[in-house]
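Residue numbers (the numbering used here), protein chains in the order written: chain A, 1 to 116; chain B, 1001 to 1146.
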């Protein structure tokens, strides 16, 4: 069953590499938040595959901790970005560098839409 | 890992295979999809299903109740927290205008946002922000914390 385990780890590794690619490319901060969450859940899945294949229950608490950590990290960064959004829209300094360069401002800004 | 010979072990192997494939799908969707909302859709739904299947495979393979309950805890926790996470990220993404509006079929939030802006203009308040949002106008705490 070595072929089976190699197949499993290859799928998980390719998935995590794709998530790392989005983490490196991602034009905005929120893309990177989503990619980090995906990467951490794939790491959790990899630990779960190891536990299941080797029948080794020692890694299971690590799995609980990684799962908790991914949730706390994503929610913390999302709250932080929301705070940046409110502060930047209030003091009129505009974009704090969060928008993607190409696709970010496809919709009208809130100030302009009122005059339509 | 050389002891996949009984029926439960084959069921567990199938669960692990489908779960790993769903994780691969999640990574592919996160890389290939065009904007934040669809990336988040790819990063939450197949992700949770794949992790649940892998946890079920681990529960079948492991003997001993404590490890089984911990794997169940991980699965339940993922089911509970993934919607919260996705909701927060997509809410911020919609307000930051990271959404490709030309790819949306229905955008029900446009009317709601417009109404919130109108109400905010009348009452001197802003939209549906959390109560501890920084920099509320007329909030003395915001001035204190700078």
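Idealized CB from N, CA, C, for every residue including glycine. All figures in this text were calculated on a predicted structure; none of them were measured in a lab.
In angstroms with no decimal places, state the Cα-to-Cα distance between residue 1072 (chain B) and residue 59 (chain A).
Along the second chain, one-based indexing puts residue 1072 (chain B) at 72. Along the first chain, one-based indexing puts residue 59 (chain A) at 59. Each residue's alpha carbon lies about 14 Å from the other.
Identify which residue in B:1070, B:1081 and B:1030 has its Cα closest to the Cα of residue 75 (chain A).
Position 75 of the first chain holds residue 75 (chain A). Out of B:1070, B:1081 and B:1030, B:1081 has the C-alpha closest to the C-alpha of residue 75 (chain A).
When the cut-off is 7 Å and only beta carbons count, does residue 116 (chain A) lie next to chain B?
In the first chain, residue 116 (chain A) corresponds to position 116, counting from 1. For residue 116 (chain A), the pLDDT reaches just 34, beneath the cut-off of 50, and the residue's location in the model is therefore unreliable, leaving the point undetermined.
Does the structure place the region 1026-1036 of chain B close enough to the region 25-40 of chain A that three or more beta carbon pairs sit under 8 Å?
yes
List, in chain order, every chain A residue whose beta-carbon is nearer than 8 Å to that of residue 1084 (chain B).
Residue numbering aside, residue 1084 (chain B) sits at position 84 when the second chain is read from its first letter. Simply 71 and 75.
Using a beta-carbon distance cut-off of less than 7 Å, what residues from the region 29-55 of chain A approach chain B?
30, 31, 33, 34, 35, 37, 38, 41, 42, 44, 45, 48, 49, 51, 52, 53, 54 and 55
Distance between residue 25 (chain A) and residue 1017 (chain B) (C-alpha atoms, nearest Å):
Residue numbering aside, residue 1017 (chain B) sits at position 17 when the second chain is read from its first letter. Residue numbering aside, residue 25 (chain A) sits at position 25 when the first chain is read from its first letter. Their Cα atoms are separated by approximately 29 Å.
Runs of alpha helix (DSSP H) lying entirely within the region 1041-1121 of chain B, each at least 4 residues, in chain order:
1065-1095
In this structure, does DSSP put residue 26 (chain A) in helix, strand or coil?
Mapped onto the first chain, residue 26 (chain A) falls at position 26. In this structure, residue 26 (chain A) counts as coil in the three-state DSSP scheme.
Applying a beta-carbon distance threshold of less than 8 Å, which residues of chain A neighbour residue 1092 (chain B)?
Start at 1 with the first residue of the second chain, and residue 1092 (chain B) comes out as number 92. Ordered by position in chain A, the residues that pass the 8 Å Cβ test against residue 1092 (chain B) are 30, 78, 81, 82 and 85.
Applying the criterion that 16 or more other CB atoms from any shown protein chain within 10 Å of the CB defines a buried residue, is residue 1036 (chain B) buried or exposed?
Start at 1 with the first residue of the second chain, and residue 1036 (chain B) comes out as number 36. By the neighbour-count rule (16 or more Cβ atoms within 10 Å), residue 1036 (chain B) is buried.
If we count the other Cβ atoms within 10 Å of its Cβ and call it buried at 16 or more, is residue 1079 (chain B) buried or exposed?
Stepping through the second chain from its first residue, residue 1079 (chain B) is reached at position 79. Exposed, because fewer than 16 other Cβ atoms sit within 10 Å of the Cβ of residue 1079 (chain B).
Through-space distance from residue 1013 (chain B) to residue 1067 (chain B), alpha-carbon basis:
Indexing the second chain from 1 puts residue 1067 (chain B) at position 67. Indexing the second chain from 1 puts residue 1013 (chain B) at position 13. For residue 1067 (chain B) and residue 1013 (chain B), the distance between alpha carbons rounds to 18 Å.
What residues from chain B crowd round residue 24 (chain A), counting only those whose CB sits closer than 9 Å?
Residue 24 (chain A) sits at position 24 when you count from the first residue of the first chain. Near residue 24 (chain A) there are no residues of chain B at all, since even the closest Cβ is about 10 Å away, more than 9 Å.
Residue from B:1089, B:1051 and B:1087 with nearest C-alpha to residue 1076 (chain B):
Within the second chain, residue 1076 (chain B) is the residue found at index 76, counting from 1. Ranking B:1089, B:1051 and B:1087 by Cα distance to residue 1076 (chain B) puts B:1051 first.
Inter-residue spacing [alpha-carbon to alpha-carbon] between residue 16 (chain A) and residue 48 (chain A)
The sequence position of residue 16 (chain A) within the first chain is 16, counting from 1. The sequence position of residue 48 (chain A) within the first chain is 48, counting from 1. Roughly 15 Å separates the two Cα atoms.
Which bits of chain B does residue 6 (chain A) rub up against, with CB to CB less than 7 Å?
Along the first chain, read from residue 1 onward, the residue named residue 6 (chain A) stands at position 6. Ordered by position in chain B, no residue passes the 7 Å Cβ test against residue 6 (chain A), which lies about 11 Å from the chain.
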